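In this text, residue positions in the first sequence follow the UniProt record's numbering: the first is 1, and each later residue adds one.
Don't be surprised by glycine CBs; every beta carbon is placed ideally from N, CA and C.
Fair warning: this is a prediction, and the values are worked out from it, not measured in the lab.
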Amino acid sequence: MVRTPFTDKNGIKRGAWSEGEDNKLRAFVERFGHPNWRQLPKYAGLMRCGKSCRLRWMNHLRPGLKKGNYSHEEEQLIIKLHNELGNRWSAIAAKLPGRSDNNVKNHWHAHLKKRLRLTNTYSSTSEQFTHESSQFDSQSCEHDEDGYNLSNMINGMDWIEENNNHIKTMEQLSSINTVEQSLPSNSQTETFDFNFWSEPLFDDFWTQSFFLQ
DNA sequence: AAGCTAATCAACCGCCTGACG
DNA sequence: ACGTCAGGCGGTTGATTAGCT
1 MVRTPFTDKN GIKRGAWSEG EDNKLRAFVE RFGHPNWRQL PKYAGLMRCG KSCRLRWMNH
61 LRPGLKKGNY SHEEEQLIIK LHNELGNRWS AIAAKLPGRS DNNVKNHWHA HLKKRLRLTN
121 TYSSTSEQFT HESSQFDSQS CEHDEDGYNL SNMINGMDWI EENNNHIKTM EQLSSINTVE
181 QSLPSNSQTE TFDFNFWSEP LFDDFWTQSF FLQ
């Protein structure tokens, strides 16, 4: 699920990162930090652009990154924050320890957005859902930019998740009339010498000594 | 088994912002 | 005040995998 590696006309490598490249970047950043991403690949012995190195570090290599499935709580928090902040993925990711902005954004587009759409479709077919699934007063509860009731969204998502096996398609969902009866009634840096990097001797001496270790 | 389509997510691109000279 | 540069952000692309016919 990654782009095929290739080298562009400037000799910059692009596409998927190899394990060796990851190791070089990780080792270098852990040792020297990253005060200058543009210069970093040169000193780290990587044929990558600085942006690519930064992205790789931020989204895959930095310590504490959480991989794998999102918890229910995380998903609810994303929905809530997206409602409050819009597409400010970095701000949303900042509230989710261990998740990168890219990761959150992908999860939103691949999972949550669709589920919310599904929920709203269902919501519009069931007046009862709108009434009973919300434990909040309609005047005071939160709404998204399109006017959707946020609490209903989350409750609806809960329900869809619980009943996922029974709902296969949007068509099926919108044709269900008896579903509402089954709805729950109470649903709810390290320090670094910056001048060091501009020191010409750094070029050969440090990169060599680093990789000779 | 083969072909097709949808889903997933890593990586890229272009733009914006702030720092600095 | 202006230009340049680097970092960061959000949108988009594309390769791979999974599932369906």
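- In this structure, the CA atom of PRO97 is about 19 Å from the CA atom of ARG54.
- Bridge pairing for ARG31: absent [DSSP].
- SER52 places its beta carbon less than 9 Å from that of PRO41.
- Counting along the chain, GLY50 sits inside the alpha helix (DSSP H) bounded by residues 50-56.
- Relative to ILE12, the option among GLY50, ARG31, ARG26, GLY33 whose CA is nearest is GLY50.
- DSSP, read as helix, strand or coil, puts LYS13 in strand.
- By the neighbour-count criterion, in which a residue is buried when 16 or more other Cβ atoms sit within 10 angstroms of its Cβ, SER71 is exposed.
- Across the set ARG62, SER90, ALA110, ARG48, the C-alpha of ARG62 shows the shortest separation from the C-alpha of VAL29.
- TRP108 and ARG88 have their C-alpha atoms roughly 12 Å apart.
- Under a 10 Å Cβ-count criterion, GLU84 is classified as exposed, with fewer than 16 other Cβ atoms of the shown protein chains found around its own Cβ.
- For ASN102, the closest C-alpha among the options SER18, ARG56, GLU74, LEU81 is that of ARG56.
- Around ILE92, the same chain offers ILE78, LEU81, HIS82, LEU85, VAL104 as residues with beta carbons nearer than 7 Å, after the five sequence neighbours per side are excluded.
- For ALA44, the CB contacts under 7 Å within the same chain, skipping 5 residues up- and downstream, are LYS24, LEU25, PHE28 in chain order.
- The C-beta of ARG38 has fewer than 16 other C-beta atoms within 10 Å across all chains shown, which makes the residue exposed.
- Minimum Cα-Cα distance from PHE6 among the listed residues GLY20, ALA94, ASP22, MET47 corresponds to MET47.
- Scanning LYS95, GLU74, ASP22 for the CA closest to the CA of HIS111 turns up GLU74.
- Sorting ASP8, THR4, GLU21 by C-alpha distance to the C-alpha of GLY15 places THR4 at the top.
- Remark: C-beta atoms of HIS60 and ASP22 approach each other more closely than 9 Å.
- Under DSSP, the beta-bridge partners assigned to THR7 are LYS13.
- When only Cα atoms are considered, GLN76 and GLY33 end up about 34 Å apart.
- If you draw a straight line from the Cα of GLU19 to the Cα of GLY68, it comes to about 19 Å.
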